[in-house]
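Chains as they are written, first to last, in this note's numbering: chain A, 46 to 412; chain B, 316 to 600; chain C, 2 to 374; chain D, 5 to 235; chain E, 137 to 379.
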Amino acid sequence: MSKSMGAVKQAIPAEIGGYMDVAMGSSGAAVEAVSGRKVLPIVEGVVLVAALIAPLVLQDYLTVFATRVIILALFALSFDLVWGYAGIMSFGQALFFGSAGYGVALLARDLDITNIFLVLPAGTLIGLTFALLLGGFLLLGRHPSSVIFVSLGTLTGSYAADRLARGWYYLGGQNGIPSIAPMSLGGYEFTEGPAFYYLVLGILVVVYLFCRFLVRSQFGLALAGLRENEQRIAFFGYKAQHLKAIIFAIGGAIAGLAGSLYAFHEGFVWPNMVGVVVSTQVVLYVLFGGSGTLIGAVIGTIIVEGVSFWLSDNYRDIWPIILGVLLLLVILFRPLGLISFVLGERERVGSFGAKPRARAKEKRNAP
Amino acid sequence: MANVFVAAFEILSFGAIIVLIVLGLGIIASMMGIFNFAQGEFVLLGAYITYLAYAKGLPIWAGMVAAPFVVGALGFVLEALIIRRFYAAPIVAMLGTYALGLIIREAVRGLIGGFYLTVPEPIGGSIDFGTIHISAWRFTIIVITLLVMAGCYLLLSRTSFGLRMRATLENPSLARASGISTPLMYGATFAFGSALAGLAGALIVPVFSLYADLGLRFLIQGFVAVMVGGVGSFIGPVAGAGVIGTLSAALPWIMAPVVADVLVFVLAIVFIKFRPQGLIAGKGV
Amino acid sequence: PAPWANAAEAPIKVGIATDLTGPIAYAGNADANVAKMVIKEINAAGGLLGRPLELYIEDTASNESVAVGNVRKLIQRDKVDMVLGGITSSMRNAIKDPIVARGKTLYIYPQLYEGKECTPYLFCTGPTPAQQCDEFIPWLIKNGGKKFALPSANYVWPHTLNVYARKVIESNGGEVVFEEYYPLDQVDFSATVNRIISNKVDVVFNTVIPPGVGPFFKQLYEAGFLKNGGRLACVYYDENTLNINQASEIEGLASCLDYFKVLTKENPFDAKIQAAYEKDFPGNFLFAAGSAATGTYRGLKLWEAAVKEAGKIDRESVAAALDHAKIAEGPGGPAEMVPGKRHCKMKMYTAVAKGGNYEIVARSEGLVDPKEC
Amino acid sequence: MPEFLDIKHLDAGYGRSQVLFDVTLGIPWRGGVAVLGRNGAGKTTLMKTIVGELPAWKGEVAFDGRDISRRATQERVRAGIGYVPQEHSVFARLSVRDNLAVGSLAKKDASAVDRVLTIFPKLGQRLDQPAGTLSGGERKMLAIGRAMLGDPKLLLLDEPTEGVWIGVIEEITERLIALAKDIAVIIVEQHLDLALRVADYAYVLDRGRVALQGEAGEVRSNPELMRYLAP
Amino acid sequence: MLLEAAGIKKVFGKLTALDGAALTVGENEFHGLIGPNGSGKSTLMKCIAGAEVPTQGKVSFVNTDITAFTPTERARAGMSLKFQITSVLPSLTLYDNILLALQAQSSLFDLVFSRTRGALHDQVMTMLTQFRLANRAFDAAAALSHGQQQWLEIAMALAGKPKLLLLDEPTGGMSLEERRVTGELLQPIKRHCSLVIVEHDLDFIRDICDRLTVLDQGKVLASGTVSEIQANQSVQEIYLRRA
Ligand SMILES: Nc1ncnc2c1ncn2[C@@H]1O[C@H](COP(=O)(O)OP(=O)(O)OP(=O)(O)O)[C@@H](O)[C@H]1O
Ligand SMILES: Nc1ncnc2c1ncn2[C@@H]1O[C@H](COP(=O)(O)OP(=O)(O)OP(=O)(O)O)[C@@H](O)[C@H]1O
Ligand SMILES: [Mg+2]
Ligand SMILES: [Mg+2]
């Protein structure tokens, strides 16, 4: 274990050794969890339990706030899947989030469709479609596209969408679409509150498990290879670009799902929701929490949102500055995110082979 | 005829402004591999310093001269304290510089109270040719931009500074093994890029007035320009900026501005898709 | 602390949701200051219904999603009896549902805006297009000329305002040479300036907003628009925006608002509130009409009157009283709600920039009708 | 008299894993020294520690009588150590010309570049090509040429002939033999014959420890040697 | 013939790196590719594997014209390349590096539902044991020395069970003894696989190859059995020529 950590460090020039030291210097506990994934499930469990009891202990308005955070966590998950696992820097993830939001808002406004079984699939589909289109354009083609190209491509896409939404009268222009009717199921209306909370928590858990299954499978290994060196794995015979497009589309779909929930929960959509602001925000959540762990995305969202909420209450005039400083500190000293306090690099990357126990035996038997 | 002349001048002058803003961004992106999201705020600082000089009753040009030095020095310090840790991870760098930019921007917003403040130009008024009026200050900007461009080009191509800089970015450990002091090079490059941003801010503040989002306004345009021009050289981003700047000033002459606005970005991204190496492939300076 | 007649009773809670941070923080902070001033004043005079007023201020941060969260704090945690705030229309749109529909609370929107907001329990106390155009445009035609250009930022307010303005221009014998929309942050206007100059436009009725408006006016100036006798007009221009350009670049710019600071010279009540404000809040955040500060003052005072009349604080009763509330004195003069319309009649002033200050050049006869809903 | 490069009881490694254990070796002012050992023995690690890319955990590295173990790499290089790394030995995106220019940054001697080009005429035909697109052998030539341009007093070569054509290896060997008459050369090399032609003295590493050392001829004929080189 | 590359020309700007080079490899044949530095050996390998697109010429593999195939398609047709510059996936473990190579051709469904996982475990470990890397199986690949990485690369190239294995200087940085071992490891694959190998070590080549092709300045100087080549006049000349 310790050897491998050193290795990563060595791959980086000594000058920034300081940076990596911090990055790699995981706590002793994490080092123990070498081959298995021992820490992650604990963290996941703790977060889940906390999420389950939250509405019981929180005041009403905080439950509503928590619902919003859970929806955003779902959104963050979509980004983590794409960036943390496939190495595709989607700086325009809000495009899928927001367009789905607009889509369901229009359904509700113009067609009076608010049935949960119609609007959520519709939102998911919108996210998926947009991601397929944009991903197809950016990711497929003769030459593998560089990370920077994809990041600026998606950023520009979302920037352009934002401006389009602002300029397009049918979408309410700058003002967006207000007063969206609540999501419904038969006669029941999902207004914000505990019911809505448990609904989105349920969705989050299902999607989380789905993502977890996906990234721990051999497909996840292929993604890990992709992230390291796309060209190399193409030479093995992987259809690297297709894999990327697939994961990008899945990410888009999840973002779309989150976007439609968000639209109904907040009751309005507005151009920022497809734009750079929200796109950057989701990147912040994930990097803050720690990318490539799924749970890091959730934790990052909770903490960033929670801290901003608290700061804006207590340091009214200068909270953006404080938030900036906090972000900077975390990025400086925990470039792998808060999760790296408890999680070692090796466990984060994980391994995709045999079960840990078999491995340990292997290690002993090896010459 | 007169109309065409005015149009050409106006379009050119906006192109020059974008070039000026992108110069520093491009140098940092090309030479150091960092897309500096705080670059806009360096521009803002340059503008703010100029404003300060004006508000304190000093001659405006004094502020303009001071701006690049102050911002460059700040860049040097920030590089040593912060940016240095990011070279291995360009994406983390984007976020780190984003946070840095946020801090600077909000601090300046606090300082200027969120207002839009005017700073007069040292050379005001217009140059008149019969019925045609062109802005004297915009003309000055074009001239200074050309001079700065030429200066940068010479610095990077004719001195060993450029070579050291490129070697350092390319392979820092080998650069050290060749006797280059990489920390110094990183610091100097970043400071240089920041100083250019400071200068840009100082020169454009009379045109756009001072406000906290002044730099942010040009940031994405700047990134797109860098990509269109091609990362990896000095010339690339400059060419890209020229194209993007002129295009965004020229398109509104022939179509609805709202459409033109989106079109510029769409065109740019399609262009990059089919010519990923950019207008000028990353060769030489 | 003032001696309360009914000190045992819980205070009445007033919620303010406004942009304390972000690009228009200067306006939001001014609004918050005005609220503090008014509440202090009311409390000093013994509170309302014998109960003290308690102020809850939340930041909307020019970010609708943050705003909704914070507004919910006001409604659900602090359980305020009324919310006043929101500056941009998009902000009003975002927060009105959580306040009025889902939050069942009274909402007062203080900013000048495009009109057409007819949601029950939502009261508007800033000027509407009718109030800003009906007297202003004829004045412009007389003091500028008949050929208008309507360069605009591309969002709802300019679009809606222009529809109204065009109607007034044309019915007064004027002509709109062009009406054009730009992205909100466009900063290069060479094409527009060229159209204005080559079409010999007399009046530029501008709804371009910062950051574009500064470079736009500058480019116009440099192209000789003012020198050739052109007239700039801009209905959101107040004391805050005077500094965007050098005085010479906007010499003669005309604006029409419910209050200008110069009124303090002639109007003792205005002088009083202006002085009170400046005493409590010296510094950058001005008491000005364009940033909703006057609307905030007026809104709170109208609401005070309504509460007094209703004698209760529940939404229904206050709304019923607010429907026809009146105040005899406010910034720029008296104001009264138009019954059933939830908009407010007020006096309007036309002012012209001269050497970096405004001069009042015209004023409405009486209170101008908002003509909404 | 102290050695030119004096390494005493050196421990070094990566992160937490130690690779070198108590390595002691001395390099004379002139002449070649070979470092041998099987894959993973720690040869590259030793080189990196000498040049300062890796910190020494323990022990002492003295160069020209001064302790350099705390100095930054570039300072060591400026003090007269030249290094040809095993991997990533050229600036891939810089042209061949610029690579050579980096090598001669310290001095303004234009003729030095010409001398390198006469040793490796192949490079002369590739001057404007990015070094990353050179063939494997050409890259090695460039790396050696670049290090020589710095006029080092001590030259570290980590497998300089890997992937180099036999004819050129011969050329390089002769150059190195000539060079070793004036300066100190440490060579890590799998071609035993070549290494021992250049070197007068040899060290054999085994799992990070010095297992064998002695005059080149002695080491060559030591029956143990093959055991340490076999995988 | 398993592989036929004919008339391959590759031009980089002003430089013609390959000028009508040709290479044919039969079933179960070990073919050596030799020549001075810069003669175009790696370029030819890349053209065959699809890493470079030849300016002119045709490559056919198992009687199919694959000139227009992408690297992925070529790999799926049964080719596997080890680059001259090692390119393992540094932050993955050795185990995962091999596993990744092993199931490159599984369907998406198989990947997602991991049905192959258990069965592959033994293969991975055998592979690692063969190449003496088993005790490092769960270290990150970046922690290997240069020579060890070479071995890992060879193992990865072999893992996909290719019909044709292309090795570009696999023994770089290995000692004589290590080379011998590598040669021994390669011998058994002859049963199911052909091999093209670029090497500068003639003894090594002689030991394992059936036929040789000699490149010089982008052209084929000679091609034939090992003894034919050894006897060839012009080949001897270039071996005497310097640089
Ligand atoms: N970056 C690294 N992180 C951790 N361990 C490493 C790293 N690099 C090398 N090692 C380990 O250190 C030991 C020595 O490696 P080194 O590169 O010095 O060997 P070497 O003698 O140069 O071998 P070769 O002949 O293969 O180049 C090896 O066991 C290797 O696995
Ligand atoms: N992308 C490229 N651009 C320009 N020239 C190139 C490029 N790639 C290779 N070359 C040149 O083509 C020639 C052939 O290169 P190649 O790598 O095929 O040689 P090689 O026979 O493998 O040599 P070596 O034995 O040194 O590895 C070299 O002179 C090299 O400089
Ligand atoms: Mg080595
Ligand atoms: Mg080669």
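All C-beta atoms, glycine included, are put in the ideal place defined by N, C-alpha and C. Keep in mind the model is a prediction, meaning the values are calculated, not measured.
Heavy atom of ligand 1 within 8 angstroms of residue i beta-carbon
i                       : result
glutamine 326 (chain A) : no
Chain A contact residues for residue i, given Cβ-Cβ distances below 8 angstroms
i                           : result
asparagine 155 (chain C)    : Arg211, Gly212, Gly218 and Gln219
phenylalanine 249 (chain E) : Ser262
leucine 21 (chain C)        : Arg361 and Asp362
valine 539 (chain B)        : Leu197 and Thr201
Proximal residues of chain B, C-beta to C-beta of residue i below 9 angstroms
i                       : result
glutamine 378 (chain C) : It is not possible to answer for residue 378 (chain C), since the shown part of chain C is limited to 2 through 374.
Any non-hydrogen atom of ligand 3 within 8 angstroms of residue i CB
i                       : result
aspartate 162 (chain D) : yes
Amino acids of chain E, ordered along the chain, whose beta-carbon sits closer than 9 angstroms to that of residue i
i                        : result
valine 394 (chain A)     : Ser227, Leu228, Thr229, Asp232 and Ala276
methionine 152 (chain D) : In chain order: nothing, as chain E lies at least about 16 angstroms away.
Neighbouring residues, chain D, relative to residue i (Cβ below 7 angstroms)
i                        : result
methionine 310 (chain E) : Asn43 and Gln194
Proximal chain E residues relative to residue i, where beta-carbon distance stays under 7 angstroms
i                     : result
alanine 234 (chain D) : Glu313
Ligand 4 heavy atom lying under 8 angstroms from the CB of residue i
i                    : result
valine 39 (chain D)  : no
serine 178 (chain E) : yes
serine 93 (chain D)  : no
valine 334 (chain E) : yes
Cβ-based neighbour list, residue i, same chain, cut-off 8 angstroms, excluding 5 preceding and 5 following
i                     : result
valine 319 (chain B)  : none
alanine 56 (chain A)  : Note that alanine 56 (chain A) scores 32 on pLDDT, short of 50, meaning its location in the model is unreliable; the coordinates nonetheless yield the value given after this. Closer than 8 angstroms at the Cβ level, and outside the excluded window around alanine 56 (chain A), lies no residue.
alanine 121 (chain A) : Val327, Tyr330, Val331, Gly334, Ala342, Val343, Gly345 and Thr346
Residues near residue i in its chain [Cβ-Cβ closer than 6 angstroms; skip 5 each side]
i                    : result
alanine 66 (chain D) : Asp10
glycine 86 (chain C) : Ile17, Ala18 and Thr19
Contacts around residue i, its chain only, beta-carbon distance under 7 angstroms, and the 5 residues preceding and following it disregarded
i                     : result
leucine 54 (chain C)  : Pro12, Ile13, Val15, Ile40, Ile43, Asn44 and Gly48
proline 239 (chain A) : Pro100 and Thr108
Neighbour list for residue i in chain B, Cβ cutoff strictly below 7 angstroms
i                      : result
isoleucine 3 (chain A) : Residue 3 (chain A) is absent from the model: chain A starts at 46 and stops at 412.
Cβ-heavy atom distance, residue i to ligand 2, below 8 angstroms
i                     : result
proline 134 (chain D) : yes
alanine 153 (chain E) : yes
arginine 97 (chain D) : no
Neighbour list for residue i in chain A, Cβ cutoff strictly below 7 angstroms
i                    : result
glycine 70 (chain C) : Phe110, Arg113 and Phe354
Where residue i meets chain B, residues with beta-carbon distance less than 8 angstroms
i                   : result
serine 93 (chain D) : Leu489
Chain-ordered chain D contacts of residue i [CB-CB under 8 angstroms]
i                     : result
alanine 279 (chain E) : Tyr18 and Ser21
Interface partners of residue i on chain C, CB under 8 angstroms
i                      : result
arginine 532 (chain B) : Asp186, Val188 and Pro212
Report the residues of the region 212-241 of chain E with a CB closer than 7 angstroms to any CB of chain A, ordered along the chain.
Arg212, Leu217, Ser223, Leu225, Pro226, Ser227, Leu228, Thr229, Tyr231, Asp232, Leu235, Leu236, Ala237, Gln239, Ala240 and Gln241
Please identify, using Cβ separations under 9 angstroms, the residues of the region 162-188 of chain E that lie next to chain A, in order along the chain.
Ala185, Gly186 and Ala187
Hey, is the region 376-395 of chain B in contact with the region 498-513 of chain B, meaning 3+ C-beta pairs nearer than 8 angstroms?
Flag = yes, the region 376-395 of chain B and the region 498-513 of chain B touch.
Scan the region 182-194 of chain A for residues whose Cβ lies nearer than 9 angstroms to a Cβ of chain B and list them as they occur along the chain.
Phe182, Leu183, Gly186, His188, Ser190, Ser191, Val192, Ile193 and Phe194
When the Cβ atoms of the region 339-353 of chain E are set against those of the region 302-320 of chain E, are three or more pairs found closer than 8 angstroms?
Short answer: they touch.
Taking a cut of 9 angstroms between CB atoms, which residues from the region 566-580 of chain B lie near chain C?
The region 566-580 of chain B vs chain C, Cβ under 9 angstroms: Leu566, Pro567, Trp568, Ile569, Ala571, Pro572, Val573, Ala575, Asp576 and Val577.
Can at least three beta-carbon pairs, one atom from the region 320-331 of chain B and one from the region 109-126 of chain A, be found at a separation below 8 angstroms?
no
Count Cβ pairs between the region 172-192 of chain A and the region 289-305 of chain A that sit closer than 8 angstroms; are there 3 or more?
yes
Of all the residues that make up the region 426-442 of chain B, which are near chain C by a beta-carbon distance shorter than 7 angstroms?
Gly428, Gly429, Phe430, Tyr431, Leu432, Thr433, Pro435 and Ser441
Anything in the region 119-153 of chain A with a Cβ closer than 8 angstroms to a Cβ of chain C? List those residues in chain order, please.
none
What are the residues of the region 289-312 of chain A that lie near chain C, defined by any Cβ-Cβ distance shorter than 7 angstroms?
Glu311 and Gly312
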